[in-house]
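Here it is in structure tokens:
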């Protein structure tokens, strides 16, 4: 059977087009199936704490759990982890990505009083230049251990860019999202 030159050219063109489409995919495909949270409330305002037991895409390995989260914005994405829905006069854990105008990330504990005053205690800081982007979501994977260890990965990477030990070993029953100065969009409960 003879294959005509025109047929081969058409197959080649289709193949190249598919390769080009894969190379220039839509960055927002990464948030398909995620829930969205817009940070209308700032760092010092009362936040809505999401019960982690209502999340459908948590991967539970007994000793640790994975959560996949996306962040869209320019700087200071704050993920607050708590064992209480209203964690006033109690400690929480904060993971901050893209702080100091998108040059650093860190982990810390925070004690916030009922009068909304707070004290942050840094547990780790890391240089992470250009972590966040205003035009595409940055997908992260949180690995939260029962023993208090917290690790943050870029989705698809094997090694964390941020890791620390929270010696208070607070169970993560709730999580909230906030910002420092500029509005961000968080995507959470994302499929693994």
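In mature numbering (1 follows the signal peptide of the UniProt record, and there is no 0), the protein residues as written are -21 to -1, 1 to 171. Note that the Cβ used here is the ideal one computed from N, Cα and C, for glycine as well.
Beta-carbon gap between residue i and residue j smaller than 8 Å
i	j	result
residue 52	residue 131	no
residue 82	residue 147	no
residue 141	residue 103	yes
residue 46	residue 37	yes
residue 127	residue 145	yes
residue 156	residue 10	no
Buried or exposed (CB count within 10 angstroms, at least 16 for buried), residue i
i	result
residue 168	buried
residue 50	buried
residue 121	buried
residue 111	buried
residue 106	exposed
residue 96	exposed
residue 75	buried
residue 85	buried
Three-state class that DSSP yields for residue i in the structure shown
i	result
residue 100	strand
residue 84	strand
residue 136	coil
residue 1	Residue confidence is low: residue 1 scores 49 on pLDDT, short of 50, so the model does not pin down where it sits. Its coordinate-derived value is still stated next. It is helical.
residue 93	coil
residue 35	coil
residue 7	helix
Cutoff 8 Å: residue i Cβ touching any chain C Cβ
i	result
residue 73	Absent from the structure: chain C. Only one protein chain is present.
Straight-line gap, residue i to residue j (C-alpha atoms, nearest Å)
i	j	result
residue 35	residue 91	29 Å
residue 57	residue 27	13 Å
residue 13	residue 98	32 Å
residue 134	residue 55	19 Å
residue 73	residue 113	22 Å
residue 171	residue 94	38 Å
residue 79	residue 59	18 Å
residue 39	residue 125	11 Å
residue 8	residue 68	40 Å
residue 109	residue 77	7 Å
residue 48	residue 159	18 Å
**Q.** Stretch-stretch touch, CB-based, cutoff 8 Å, three pairs: the stretch 64 to 78 with the stretch 136 to 155
**A.** yes
Q. At a cut of 8 Å, does the stretch 16 to 24 reach the stretch 117 to 124 through at least three beta carbon pairs?
A. Contact between the stretch 16 to 24 and the stretch 117 to 124 is absent: fewer than three C-beta pairs spanning the two stretches fall below 8 Å.
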